[in-house]
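Going down the list, the protein sequences come from chains R and A. Heads up, the first sequence is in the working numbering, so the first residue is 1 and it goes up one at a time. Heads up, the second sequence is in the working numbering, so the first residue is 1 and it goes up one at a time. Worksheet for the structure shown next.
2 protein chains.
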Amino acid sequence: MAHLTASVEYGLHCLLGLIGAGDAPRSARDLALFQGVSPSFAAKIFAKLEKAGIVTAAEGVRGGYRLARPADTISVLELVDAIEGRKPLFECQEIRARCPLFDGGAPDWATRGVCSIHAVMLKAEKAMRDALASETLADIGGRLERKAPETFDADTRSWFDARIAARRSRPAQAKDMQ
Amino acid sequence: MAHLTASVEYGLHCLLGLIGAGDAPRSARDLALFQGVSPSFAAKIFAKLEKAGIVTAAEGVRGGYRLARPADTISVLELVDAIEGRKPLFECQEIRARCPLFDGGAPDWATRGVCSIHAVMLKAEKAMRDALASETLADIGGRLERKAPETFDADTRSWFDARIAARRSRPAQAKDMQ
């Protein structure tokens, strides 16, 4: 399994749908359907993003989520940590203390500081995290925006507005549209 | 689960026991016992390291493994890839093609090049791999050597020699000593 799972992939794709939304909240379900991913999966991810202070929830028929901060202040590292929790690249089991020469009691020199193997892995993990910290949600959104035709933003707004309008006019089918 | 597993940890620790061995092969079982890790697990790891051309096997009572190349030419990245296989940090499912606005047929602009989210993950993966590539088995061994007392190297040789001597003198108990 990849270190960064589908939760990160789904979460980041759904958040792209909030960048251009301004003050208008969008529901986790609509954001998920707009990306073609599982709405129930997205609901769990948005609960984590809200807990981490990345999105805020708004109630009501037009309710849903908004970005809590400008997209250019939200780093990809923050998003990954909020969604996955902080998973280590490598877990050191302190094997260095087990050498039979130590006869069950590892001397101080053997366990002082960080294990040399663990140190290399921590360096690699830091390099990975620094790279994720150097990119923001706005950077990703900007690259998408430069590729998309001018009409895409307006078409996106229309799609989300139509979902909200349908929820208002057909309360009996609200379950499907939430 | 951490991205780099116990296989990498066990493999790297066991390989430290080959750095100072020179031309004398050391068995995977002895290398594992010297690190206090599972010999059967180590046997599987050494089979992968042999396949990757990092160690070579020698037959006989004094048989075992030798480093195929000087330790300062073996990068940690090579070891990780040999032991774990090349695991991606992130697997892109091309979610960008699923948007309902595309009506089942994603336009060229939407799927051209690498997905913007995948691109950030590839950048982070490259940073991690570059960090692993910048360190060698000799670098790790050198740090351990600087911490250890002068007698440690001789004590280590004596321990491995005693294992070989025991195998020669007590063939009936060979199974335990292999």
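For glycine and all other residues, C-beta sits at the position ideal for the given N, C-alpha and C.
| Asked | Found |
| --- | --- |
| Ignoring anything shorter than 4 residues or poking outside the segment 8 to 36 of chain A, list the alpha helix (DSSP H) runs there in chain order. | 28 to 35 |
| Check whether the Cβ atoms of residue 54 of chain A and residue 67 of chain A lie closer than 9 Å to each other. | yes |
| Any contact of the segment 153 to 164 of chain R with the segment 13 to 26 of chain A, i.e. 3+ C-beta pairs under 8 Å? | no |
| Quick check: is the beta carbon of residue 156 of chain R nearer than 9 Å to any beta carbon in chain A? | yes |
| Listing by chain order, which chain A residues have their CB less than 9 Å from the CB of residue 149 of chain R? | 107 and 109 |
| What do you get for residue 64 of chain A, buried or exposed, if any count of 16 or more other CB atoms within 10 angstroms of its CB means buried? | buried |
| Along the segment 57 to 74 of chain R, what residues have a CB closer than 7 Å to any CB found in chain A? | none |
| What is the DSSP secondary structure of residue 57 of chain R, counted as helix, strand or coil? | strand |
| Just checking my contact of residue 124 of chain R with residue 1 of chain A at CB under 8 Å: how many whole Å lie between their CB atoms? | Their Cβ separation, rounded to whole angstroms, is 17 Å, which puts residue 124 of chain R and residue 1 of chain A out of contact at 8 Å. |
| Could you tell me which chain R residues have their CB closer than 7 Å to the CB of residue 34 of chain A, listed as they occur along the chain? | 99 and 100 |
| Can you say whether residue 141 of chain A is buried or exposed, counting buried as having 16 or more other CB atoms within 10 angstroms of its CB? | buried |
| Would you grab the beta carbon distance between residue 79 of chain R and residue 121 of chain A for me? Rounded to a whole angstrom, and I think it's under 8 Å. | Wrong, their Cβ atoms sit about 12 Å apart, outside the cutoff. |
| Alpha carbon to alpha carbon, how far is residue 72 of chain R from residue 113 of chain A? Give it in angstroms, no decimals. | 23 Å |
| Assign residue 5 of chain R to one of three DSSP states: helix, strand, or coil. | coil |
| Give the DSSP-derived three-state secondary structure of residue 86 of chain A in the structure shown. | coil |
| For the alpha helix (DSSP H) that contains residue 163 of chain A, what are its first and last residues? | 151 to 169 |
| Give the DSSP-derived three-state secondary structure of residue 62 of chain R in the structure shown. | coil |
| Quick one: what does DSSP say residue 148 of chain R is sitting in, helix, strand or coil? | coil |
| Could you say which of A:139, A:97, A:109 and A:62 lies nearest to residue 151 of chain R if we only look at CA atoms? | A:109 |
| Give me the subset of the segment 74 to 92 of chain R whose CB atoms are less than 8 Å from a CB atom of chain A, sorted by chain position. | 76, 87, 88, 89, 90, 91 and 92 |
| Can you grab the Cα-Cα spacing for the pair residue 153 of chain R / residue 90 of chain R, in whole Å? | 41 Å |
| With a floor of 4 residues, list each alpha helix (DSSP H) that falls wholly inside the segment 101 to 139 of chain A, ordered by position along the chain. | 108 to 111 and 116 to 133 |
| Based on Cα-Cα distance, which residue from A:84, A:138 and A:106 lies nearest to residue 8 of chain A? | A:84 |
| Where do the ends of the alpha helix (DSSP H) carrying residue 39 of chain A lie? | 39 to 51 |
| For residue 94 of chain R, count the other beta carbons within 10 Å of its own beta carbon; 16 or more makes it buried, fewer makes it exposed. Which is it? | exposed |
| Have a look at residue 165 of chain R and residue 100 of chain A and give me their C-alpha separation to the nearest angstrom. | 17 Å |
| Decide if residue 104 of chain R is buried, meaning its Cβ has at least 16 other Cβ atoms within 10 Å, or exposed. | exposed |
| Among the candidates A:6, A:10 and A:14, whose CA atom is the shortest distance from the CA of residue 156 of chain A? | A:14 |
| CA-CA distance, residue 62 of chain A and residue 28 of chain A? | 12 Å |
| Identify whether residue 177 of chain A lies in helix, strand or coil by the three-state DSSP scheme. | Because the pLDDT at residue 177 of chain A is just 43, under 50, the model does not fix this residue reliably, and the value given afterwards should be weighed accordingly. Residue 177 of chain A: helix per DSSP, three-state reduction. |
| Against chain R, with Cβ distances strictly below 9 Å, would residue 116 of chain A count as a contact? | yes |
| Kindly say whether residue 41 of chain R, judged by its beta-carbon, lies nearer than 9 Å to any beta-carbon of chain A. | no |
| Determine which residues of the segment 123 to 140 of chain A have a Cβ less than 9 Å from any Cβ of chain R, and write them out in chain order. | 123, 124, 125, 126, 127, 128, 129, 130, 131, 132, 134, 135, 139 and 140 |
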